[in-house]
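K.L.:
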Amino acid sequence: MIKNEDMKELVDDYEEKSKKDYSNKPYIFESSVSEQALYNPKYGDDRVCKCGHRYYRHFDTYDDMYACGCKYCGCWDFEEDIKSARKTKLQKIKDLLKS
Ligand SMILES: [Zn+2]
Ligand SMILES: [Zn+2]
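Here this note's numbering is used: the first residue of the sequence shown is 57, the next is one more, and so on.
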């Protein structure tokens, strides 16, 4: 997600460029605004996706955590498996009670 301030800057930049006269230039340039999904280190690497694999597996650890999709099954969108999350929480509570 692009922040609002960044978006404003991009739009201002684009408008500034559009104002210039390119009729005597060999090239004209086009700006585009794109959105990229990024890794969130605060989200929790161990959260489990519906595809059965963990959150961090949906990113390329060798390429700056690029959102490349799940390494094992090609699942593109991480969606937390609620049942599994609940199980993990219950297990943590059980472990706490045991200790
Ligand atoms: Zn997945
Ligand atoms: Zn997967």
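Don't be surprised by glycine CBs; every beta carbon is placed ideally from N, CA and C. Since this is a predicted model, take the numbers as computed values, not measurements.
How about the segment 98 to 108 and the segment 59 to 71: do they share at least three Cβ pairs that are nearer than 8 Å?
P.N.:
Flag = no, the segment 98 to 108 and the segment 59 to 71 do not touch.
K.L.:
Output needed for E72: all residues of its chain with C-beta closer than 6 Å, excluding positions within five of it in sequence on either side, in chain order.
P.N.:
Here the set comprises nothing.
K.L.:
Which residues in the same chain have their Cβ closer than 8 Å to the Cβ of R236, if we skip the five residues on either side of it in sequence?
P.N.:
Not covered by the structure: residue 236. The range shown for the chain is 57 to 155.
K.L.:
Under the criterion of a Cβ to heavy atom distance below 6 Å, does F134 qualify as lining ligand 1?
P.N.:
Checking every heavy atom of ligand 1 against the Cβ of F134, one is found closer than 6 Å.
K.L.:
Can you give me the start and stop residues for the alpha helix (DSSP H) that T117 sits inside?
P.N.:
Taken as a continuous stretch (DSSP letters only), T117 belongs to no alpha helix (DSSP H), as it is neither H nor E.
K.L.:
Thinking C-beta only, is A123 closer than 7 Å to A93?
P.N.:
Against a cut-off of 7 Å, the Cβ pair of A123 and A93 comes out as a contact.
K.L.:
Contact defined as beta carbons within less than 8 Å: I believe I58 pairs with E86. What is the distance between those atoms, to the nearest angstrom?
P.N.:
Not confirmed; about 18 Å, so no contact.
K.L.:
How far does the alpha helix (DSSP H) with V67 in it reach, from first residue to last?
P.N.:
Residues N60 to K75.
K.L.:
For R113, name the three-state secondary structure that DSSP assigns.
P.N.:
If DSSP states are grouped into helix, strand and coil, R113 belongs with the helices.
K.L.:
For Y128, verify whether its CB is less than 6 Å away from any heavy atom of ligand 2.
P.N.:
Correct: Y128 has its Cβ closer than 6 Å to ligand 2.
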